[in-house]
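Residue numbers (our numbering): 3 to 148.
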Amino acid sequence: MNIRYINNTVVNAGNDCMAIRGDNLSVYNNILYGGIAAVRDLGAGVRPASFAALGFNLSYNNAYIGFSFPGGAPRPATDVRLTAPTLFSTPFPTTYAQVTPLPGTLAIDAGSSNGIDPDFSTDIGAIETGEVINTSVRASAWELYR
């Protein structure tokens, strides 16, 4: 299936932040804040999901449901688990400004550009707050396309 769930911010979901099923999924760099499940495998017990990449997600006040991790771990080893609601300016964010991770929080530079290896520069979640590398074409070069 090759479905990718990358760099999302899901806040105070009424039920599950993510409910997935399929093969060769990529689920990384997501903030999964509140709700019953951070990620629920809908195929658990019948046809469990398989992953190309799983990890580097930040969760608070929820769990992975329907998964078996090595050594009986509750989540992937590369995940970040918050034990207090210190990520945002309010425990129940509702606006863009409120879901922007605060400076110095565990979401900053804790992600991965490929979902497998840490790169120490990618933020977890939908909003990149740190330095962004500019790979754009300089303005004068666009003259060639006019």
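Beta carbons: idealized from backbone N, C-alpha and C, even for Gly.
Let's test the definition: count the other Cβ atoms within 10 Å of the Cβ of residue i and tell me whether it reaches 16, buried, or not, exposed.
| i | result |
| --- | --- |
| residue 17 | exposed |
| residue 125 | buried |
| residue 148 | Since pLDDT at residue 148 reaches only 48, below the 50 mark, its modelled position is unreliable, and no value is offered. |
| residue 39 | buried |
| residue 55 | buried |
Starting from residue i, follow the beta strand (DSSP E) in both directions and report where the run begins and ends.
| i | result |
| --- | --- |
| residue 67 | 65-67 |
| residue 39 | 39-43 |
| residue 54 | 53-57 |
| residue 12 | 11-13 |
| residue 29 | 27-30 |
Look at the alpha carbon of residue i and the alpha carbon of residue j, and state the distance between them as a whole number of angstroms.
| i | j | result |
| --- | --- | --- |
| residue 123 | residue 42 | 28 angstroms |
| residue 9 | residue 115 | 10 angstroms |
| residue 63 | residue 6 | 24 angstroms |
| residue 94 | residue 128 | 17 angstroms |
| residue 112 | residue 60 | 9 angstroms |
Considering Cα atoms alone, identify which of the options is closest to residue i.
| i | options | result |
| --- | --- | --- |
| residue 68 | 10, 62, 52 and 116 | 52 |
| residue 107 | 120, 86, 28 and 55 | 86 |
Counting beta carbon pairs with one atom in the segment 70-90 and one in the segment 16-25, are three or more of them shorter than 8 angstroms? Short answer: they don't touch.
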